[in-house]
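Protein sequences, first through last, are from chains A and B. Take any residue in the first sequence, count from 1 to its spot, add 1061: that is its number in our numbering. Take any residue in the second sequence, count from 1 to its spot, add 1061: that is its number in our numbering.
There are 2 protein chains.
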Amino acid sequence: MSTVVENAEGHVLDLRAKRPSRWATRDRILLEASRPFATHGFRGASTRQTAEQVGIRQPSLFKHFPSKRAMLAELAVYDMDVPARHAEVVARTAGSAVDRLAGYVAWDLEWYRTMPFDLRGMTEDLVRSGGLILAQEALARWRTAVTRMLEQGVEPGEFAAHAVPFVPIALETLSWHMVNSKGATERTVDDAVDFLLAAVLTSSRDVRRR
Amino acid sequence: MSTVVENAEGHVLDLRAKRPSRWATRDRILLEASRPFATHGFRGASTRQTAEQVGIRQPSLFKHFPSKRAMLAELAVYDMDVPARHAEVVARTAGSAVDRLAGYVAWDLEWYRTMPFDLRGMTEDLVRSGGLILAQEALARWRTAVTRMLEQGVEPGEFAAHAVPFVPIALETLSWHMVNSKGATERTVDDAVDFLLAAVLTSSRDVRRR
DNA sequence: CCTACCGATCGGTAGG
DNA sequence: CCTACCGATCGGTAGG
Chain A
1062 MSTVVENAEG HVLDLRAKRP SRWATRDRIL LEASRPFATH GFRGASTRQT AEQVGIRQPS
1122 LFKHFPSKRA MLAELAVYDM DVPARHAEVV ARTAGSAVDR LAGYVAWDLE WYRTMPFDLR
1182 GMTEDLVRSG GLILAQEALA RWRTAVTRML EQGVEPGEFA AHAVPFVPIA LETLSWHMVN
1242 SKGATERTVD DAVDFLLAAV LTSSRDVRRR
Chain B
1062 MSTVVENAEG HVLDLRAKRP SRWATRDRIL LEASRPFATH GFRGASTRQT AEQVGIRQPS
1122 LFKHFPSKRA MLAELAVYDM DVPARHAEVV ARTAGSAVDR LAGYVAWDLE WYRTMPFDLR
1182 GMTEDLVRSG GLILAQEALA RWRTAVTRML EQGVEPGEFA AHAVPFVPIA LETLSWHMVN
1242 SKGATERTVD DAVDFLLAAV LTSSRDVRRR
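Below, the structure is given as structure tokens:
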């Protein structure tokens, strides 16, 4: 699994270059498994439906993966481990807090916008109910890193402290929206970055209602 | 079902006043069904698990509801019909666009914060996979009403047009967060309202990064 | 990657 | 609200 994590970004680049019908069976299984995970949850997803979409019989799935849960675990690498690694690197980078956050958010949203798999169902609840310890740890690392980026901007007064808890939540949702939306472009990503920054910048808060 | 919709707000007020152990069996079934819906999705939720939590046998559930889907449908009233009704009323109210949006968002988040059922799983996907036409229509009405509130503020220049598409998405997520979070207070609601308004107000956009 | 098949669990019914 | 039970579907294995 550790090699999967390390090669995940390059592997996604390879997949993007080809149509899914030209992918290896193993990747086509992941693609077709990700859709029912997103719409019906882990328990509600049927391996027979997945196999039918791939064009093979259901027992053949288990020549590529030892279990249904292993499919979820590998998708969780793309959803959580890769972003967590990026967030941790950015959190240690020098520069202004605003630039760091804007840069990470733009990368994050672009990662999901161009993601070949349907990761919308990879919520905390899904991972928790699937019992994926490694995915839970990756999610925690991601939140820690993003929160550190935010706190680095609260001290110099660039970010509004009260907005900080909502940023990871909103970013997660905007990420899913990028996966979900077929019409999302790079312009959509830019607008979403602006949306999130406006919500957290103290300069936004000079005009208040209360 | 129409009477359920009309009395839904009052019924929730009644439930809040009592501990779930004092509720009628029918409402305790809804409560215990809402939790696996939220964590495992509609298909993944087991009626036997729900019955066990309520303290009755699984077939007894069907003396209170004709099907598992009917439980989902009634929960969808609390999640979608009630907010849609409120949003439509607010969208027709006079006053400034900022005040209207702030007032509705505050009501919306407070509705979910004090919601006795666990509505986190009532996503569009869940409703779609459950085939609940009425819930899909209510969701569409809600989005139309919220979008109208926003467009009313774009014309006079109060709201940033590029932020508009992200507001319903972010509001949905913040609502789930209010249901999810045991530590959410009225102060949390106020902070979330500020967060969302800062993201959409044009006055927030005077300071840009690009 | 196939056919054949396993025990377990699913939503829902019959009858009291 | 109970016991008994239905056909359907589930994830996964055996053996080729």
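Virtual Cβ for every residue (Gly too), placed ideally from N, Cα, C.
Given residue i as reference, the closest of the options once Cα atoms are compared
i	options	result
A/Gly1071	A/Val1138, A/Ala1134, A/Thr1100	A/Val1138
A/Ala1221	A/Leu1211, A/Ile1230, A/Pro1229	A/Leu1211
B/Leu1133	B/Glu1093, B/Ala1231, B/Ser1242	B/Glu1093
A/Trp1168	A/Glu1149, A/Glu1185, A/Gly1182	A/Glu1149
B/Ile1090	B/Lys1079, B/Leu1074, B/Gln1110, B/Ala1078	B/Gln1110
B/Val1151	B/Phe1126, B/Trp1203, B/Ala1112	B/Trp1203
A/Gly1218	A/Arg1209, A/Leu1262, A/Met1183	A/Leu1262
B/Leu1187	A/Arg1087, A/Ala1106, A/Gly1191	A/Ala1106
A/Asn1241	B/Thr1184, B/Ser1128, B/Ile1117	B/Thr1184
B/Ala1158	B/Trp1084, B/Arg1104, B/Arg1209	B/Arg1209
B/Ser1190	B/Pro1081, B/Arg1104, B/Thr1108, B/Lys1243	B/Arg1104
Spatial neighbours of residue i in its chain, beta-carbon cut-off 6 Å, leaving aside the 5 residues before and after
i	result
A/Arg1096	Asp1179
A/Ala1245	Arg1174, Met1239
B/Val1207	Ala1148, Pro1229
A/Phe1098	Ala1106, Gly1182
A/Phe1126	Met1132
B/Met1176	Val1240
Distance between residue j and residue i (C-alpha atoms, nearest Å)
i	j	result
B/Asp1252	A/Leu1076	42 Å
B/Val1066	B/Met1141	10 Å
B/Val1228	A/His1101	25 Å
B/Asp1160	B/Gln1213	12 Å
A/Leu1258	B/Val1115	45 Å
A/Gly1164	A/Gly1156	11 Å
B/Arg1130	B/Leu1122	12 Å
B/Thr1234	B/Leu1200	14 Å
B/Glu1113	B/Pro1120	11 Å
B/Thr1205	B/Val1215	15 Å
A/Glu1247	B/Thr1154	36 Å
A/Leu1162	B/Ser1236	24 Å
A/Arg1086	A/Leu1195	Residue identity differs from the one stated: residue 1086 of chain A is Thr in this sequence, not Arg. So the alpha carbons of these two residues sit roughly 25 Å apart.
B/Val1143	B/Ala1069	7 Å
B/Ser1264	A/Arg1083	49 Å
B/Pro1081	B/Asp1088	8 Å
A/Lys1079	A/Gln1197	31 Å
A/Ile1117	B/Val1073	49 Å
B/Lys1243	A/Lys1124	43 Å
Same chain, Cβ closer than 7 Å to residue i, five either side skipped, listed in chain order
i	result
B/Leu1193	Leu1133, Ala1134, Ala1137
A/Glu1171	Val1250
B/Val1166	Leu1232, Val1254, Leu1257
B/Arg1270	For B/Arg1270, the predicted structure reports a pLDDT of 39, less than 50, and the residue's modelled location is therefore unreliable. A value from the coordinates is still provided. There are no such residues.
A/Thr1108	Gln1119, Leu1122, Lys1129
Sequence-distant residues of the same chain with beta carbon closer than 8 Å to residue i, five excluded per side
i	result
A/Ala1260	Ala1224, Phe1227, Val1228, Ala1231
B/Ala1145	Ala1199, Leu1200, Arg1202, Trp1203, Ala1206
A/Val1268	For A/Val1268, the predicted structure reports a pLDDT of 47, less than 50, and the residue's modelled location is therefore unreliable. A value from the coordinates is still provided. None.
Assigned secondary structure, residue i (DSSP; H/G/I helix, E/B strand, else coil)
i	result
B/Val1073	helix
A/Arg1271	Because A/Arg1271 carries a pLDDT of 37, less than 50, the predicted location of this residue cannot be relied on, and the following value inherits that uncertainty. If DSSP states are grouped into helix, strand and coil, A/Arg1271 belongs with coil.
Entirely within the segment 1126-1199 of chain B and at least 4 residues each: give me those alpha helix (DSSP H) ranges in chain order. 1129-1137, 1143-1152, 1158-1174, 1185-1191
Within the segment 1197-1259 of chain B, ranges of the beta strand (DSSP E) (whole runs, at least 3 residues): none
Can you list the beta strand (DSSP E) stretches of 3 or more residues lying completely in the segment 1069-1125 of chain B, in chain order? none
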